[in-house]
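Going down the list, the sequences are from chains A and B.
Numbering of the first sequence is given in this note's numbering, commencing with residue 61 and proceeding in unit increments.
Numbering of the second sequence is given in this note's numbering, commencing with residue 160 and proceeding in unit increments.
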Amino acid sequence: MASKALDIVKDDLWKNNPVTVQILGICSTLAVTNIFLNTLIMGLGLIFVTSFSALVISILRNIIPSRVRMMVQVLVISSFVVLVDITLKAYVPDISKALGPYVGLIITNCIIMGRMEAFASSNKPGLSFIDGFMSGVGYTWVLLVIAFFRELLGFGTLLGIPIMDPVMKSIGVTGGWTQWAIMIMAPGGFFMLAVFIWVANTIELKIGHEKE
Amino acid sequence: MKKVVFTFLFMVIITAVFIGALGFVHVVSKETIVQNQKLKEIKSVLYAGNFLPEGITESQISPTATTGDLPWDEKRVQKLYRSSLDTLTLPVEPEYQEFLETSFLRYKDSVDIYMLKKKNGNLQGYGFPLRGKGLWGTIAAFAVVSPDLTRMIGIDFTEQSETPGLGARITESEFKYYFRGLQLTGFFDNTDLPPIRMVYNKQKSNREDPTNTFQAITGATQTCNGVRTMLNSDLKFYLRILKDYLQTVQD
């Protein structure tokens with residue numbers, strides 16, 4: 061169990077990462093990564109939904125009739141997503157508004173359905189929970205790295221705190237930081253994601269060559 | 160047959176369980192969500208009406224701050240709501256329909272207008288919601304105009320889905336400041352010129368030098384055009400209905 065869990069962690073975080081290797085969840089990756097805080101909340105929402113949906117699906121796996129299994133998966137996933145949506149609206153309304161329709165769209169995130177179908181529906185609850193959780197973490201850490209650069213270069217801030225302006229002024233650039241507007245827009249998201257996948261694949265290839 | 164019945168019952172039971180659980184969460188949090196929305200709306204009306212949090216002046220507000228960023232004391236907001244805001248409901252007569260062709264108020268029988276009062280009870284202005292189209296979606300706002308309907312006290316944007324960092328900057332205080340003192344006399348002139356215009360470089364604010372112009376945001380021309388169109392179209396109706404109301408009251 062422990063070695064299997066370790067393999068799941070390695071797979072989801074790097075070797076078989078949902079974003080960089082499986083190229084899943086790209087829509088939200090491009091949409092929410094222009095602000096670090098929104099990305100973090102979105103990531104936490106996805107981790108919650110993926111892990112608990114996997115747990116429930118795994119518990120019910122032996123009694124779900126096979127012909128309606130995908131209907132049940134969607135029902136479970138959407139229930140957890142609505143739960144996240146209501147919680148955000150009630151306790152962090154500003155972030156809920158900033159995330160707009162993307163919280164609801166977690167339902168359609170291929171990572172979740174993919175993990176339910178490929179793992180949770182045929183594995184024990186403990187492992188399924190770990191797999192769901194780590195898939196969410198694998199998605200979130202990639203988004204956070206992208207969001208870090210997009211917010212930093214696009215707004216000159218991090219979590220809303222001005223970073224680039226003081227840095228530029230401290231090194232003698234009197235005009236401060238000129239915001240890279242393109243980083244905030246969709247093309248900046250495409251560009252950053254492509255760069256990230258390129259870097260990740262290059263590193264993976266290098267590791268593979270060294271092993272050989 | 161047995162399989163079909165089991166599948167059917169399974170779906171019914173599992174759906175009932177999850178819907179029941181969500182229904183419970185919805186009931187528990189409904190009140191909080193409604194309160195959040197109401198509080199946000201009140202803050203917007205107060206900000207547009209130039210009621211700022213205690214001890215805060217316009218010059219102390221960061222140019223990038225939104226209304227929600229201001230250090231509001233929620234008890235004071237509720238108190239101001241009770242003491243400074245009254246609602247005036249005016250009927251939408253058929254003669255006003257010509258102003259509402261493209262407006263969200265088109266099929267309404269009546270409109271609610273906030274009356275904002277100063278501490279001494281005198282009228283601070285009239286507040287009402289506006290709705291228009293931006294680049295990506297709907298833009299909604301609250302505007303407050305002076306009691307004599309000649310200038311705008313302020314505006315706050317309550318809903319937008321514009322590009323972050325560009326069009327979405329309409330919610331920042333730097334942009335909204337250009338609407339403080341905006342001249343509205345153009346709505347009462349019989350010309351074809353648009354009563355409110357947008358300029359690309361405004362030297363002085365409308366408080367220092369009142370004009371009918373506001374400064375556009377660089378890189379967000381379509382969003383600013385949407386704001387201008389929304390103001391020119393919705394204000395035309397509101398100012399007309401308010402003018403007629405004031406006339407009736409005076410008579």
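Note that the Cβ used here is the ideal one computed from N, Cα and C, for glycine as well.
For clarity, every value in this text was computed on a predicted model and none was experimentally measured.
Could you compute how far the alpha carbon of residue i sits from the alpha carbon of residue j?
i	j	result
residue 294(B)	residue 320(B)	8 Å
residue 65(A)	residue 188(A)	9 Å
residue 259(B)	residue 229(A)	51 Å
residue 478(B)	residue 389(B)	The structure shown does not extend to residue 478(B), since chain B spans only 160 to 410, so no value can be given for it.
residue 187(B)	residue 237(B)	22 Å
residue 289(B)	residue 396(B)	11 Å
residue 255(A)	residue 200(A)	17 Å
residue 332(B)	residue 362(B)	17 Å
residue 391(B)	residue 353(B)	7 Å
residue 94(A)	residue 250(A)	11 Å
residue 172(A)	residue 350(B)	59 Å
residue 222(A)	residue 99(A)	18 Å
residue 315(B)	residue 244(A)	23 Å
residue 234(A)	residue 262(A)	38 Å
residue 285(B)	residue 357(B)	23 Å
residue 249(B)	residue 385(B)	26 Å
residue 281(B)	residue 219(B)	26 Å
residue 227(A)	residue 257(B)	56 Å
residue 383(B)	residue 371(B)	15 Å
residue 355(B)	residue 367(B)	17 Å
residue 69(A)	residue 191(A)	7 Å
residue 62(A)	residue 186(A)	11 Å
residue 155(A)	residue 195(B)	13 Å
residue 189(B)	residue 138(A)	19 Å
residue 399(B)	residue 266(B)	17 Å
residue 146(A)	residue 227(B)	20 Å
residue 177(A)	residue 103(A)	21 Å
residue 340(B)	residue 310(B)	6 Å
residue 202(B)	residue 337(B)	19 Å
residue 217(B)	residue 364(B)	13 Å
residue 327(B)	residue 269(A)	47 Å
Can you tell me which of the options puts its alpha carbon nearest to the alpha carbon of residue i?
i	options	result
residue 105(A)	124(A), 219(A), 140(A) and 122(A)	140(A)
residue 197(A)	85(A), 184(A) and 177(A)	85(A)
residue 217(A)	363(B), 184(B), 223(B) and 195(B)	223(B)
residue 220(A)	318(B), 323(B) and 269(B)	323(B)
residue 229(B)	410(B), 318(B), 250(B) and 199(B)	199(B)
residue 271(B)	204(B), 313(B) and 218(B)	204(B)
residue 149(A)	233(B), 360(B), 234(B) and 197(B)	197(B)
residue 73(A)	177(A), 204(A), 195(A) and 143(A)	195(A)
residue 421(B)	189(B), 239(B) and 194(B)	Here chain B covers residues 160 to 410 and nothing more, so residue 421(B) does not appear.
residue 276(A)	131(A), 236(A) and 167(A)	Lying before the first or after the last residue shown, residue 276(A) is absent from chain A, which here runs from 61 to 272.
residue 342(B)	410(B), 191(B) and 304(B)	304(B)
residue 214(B)	225(B), 202(B) and 232(B)	232(B)
residue 173(B)	82(A), 124(A) and 164(A)	124(A)
residue 277(B)	306(B), 234(B), 216(B) and 344(B)	306(B)
residue 171(B)	231(A), 81(A), 193(A) and 132(A)	132(A)
residue 251(B)	409(B), 408(B), 338(B) and 401(B)	401(B)
residue 97(A)	211(A), 79(A) and 236(A)	211(A)
residue 275(B)	301(B), 255(B) and 268(B)	301(B)
residue 126(A)	162(B), 373(B), 387(B) and 292(B)	162(B)
residue 101(A)	153(A), 236(A) and 270(A)	153(A)
residue 291(B)	182(B), 318(B), 405(B) and 234(B)	318(B)
residue 298(B)	381(B), 344(B), 221(B) and 182(B)	381(B)
Our contact map puts residue i next to residue j with C-beta atoms below 8 Å; I'd like the distance itself, whole angstroms only.
i	j	result
residue 117(A)	residue 136(A)	6 Å
residue 259(A)	residue 77(A)	Going by Cβ atoms, the distance from residue 259(A) to residue 77(A) rounds to 12 Å, so no, they are not a contact pair.
residue 253(A)	residue 206(A)	6 Å
residue 182(A)	residue 121(A)	7 Å
residue 346(B)	residue 394(B)	6 Å
residue 91(A)	residue 162(A)	6 Å
residue 207(B)	residue 329(B)	Contact flag wrong, Cβ pair sits at about 13 Å.
residue 169(A)	residue 88(A)	6 Å
residue 273(B)	residue 287(B)	7 Å
residue 359(B)	residue 379(B)	Going by Cβ atoms, the distance from residue 359(B) to residue 379(B) rounds to 12 Å, so no, they are not a contact pair.
residue 325(B)	residue 241(A)	6 Å
residue 279(A)	residue 208(A)	Limits of chain A in this structure are 61 at one end and 272 at the other, which puts residue 279(A) out of reach.
Could you check whether the Cβ of residue i sits closer than 7 Å to any Cβ belonging to chain D?
i	result
residue 241(A)	The structure shown contains no chain D; its protein chains are A and B.
message = Counting only Cβ-Cβ distances shorter than 8 Å, please list the residues of the stretch 180-192 of chain B near chain A, keeping chain order.
response = 180, 181, 184, 185, 188, 191 and 192
inquiry  = Counting only Cβ-Cβ distances shorter than 7 Å, please list the residues of the stretch 286-301 of chain B near chain A, keeping chain order.
reply    = none
task = Note down, in chain order, all residues in the stretch 127-154 of chain A with a beta-carbon under 8 Å from any beta-carbon belonging to chain B.
result = 127, 128, 131, 132, 135, 136, 139, 142, 143, 146, 147, 149, 150, 151, 153 and 154
task = For the stretch 241-249 of chain B and the stretch 171-187 of chain B, state whether three or more C-beta atom pairs, one from each stretch, are separated by less than 8 Å.
result = no
task = Compile a chain-ordered list of the residues in the stretch 311-324 of chain B whose CB is closer than 9 Å to at least one CB of chain A.
result = 318, 320, 322, 323 and 324
request  = Select from the stretch 203-226 of chain B all residues with a C-beta closer than 8 Å to any C-beta belonging to chain A, and list them in chain order.
outcome  = none
Residues in the stretch 175-209 of chain A having any Cβ partner in chain B nearer than 9 Å = none
task = Note down, in chain order, all residues in the stretch 214-239 of chain A with a beta-carbon under 8 Å from any beta-carbon belonging to chain B.
result = 214, 215 and 239
request  = Below 8 Å between beta carbons is the criterion; list the residues of the stretch 353-381 of chain B that meet it against any residue of chain A, in chain order.
outcome  = 378
task = Using a Cβ-Cβ cut-off of less than 8 Å, give me the residues of the stretch 85-97 of chain A that come near chain B, in sequence order.
result = 94 and 95
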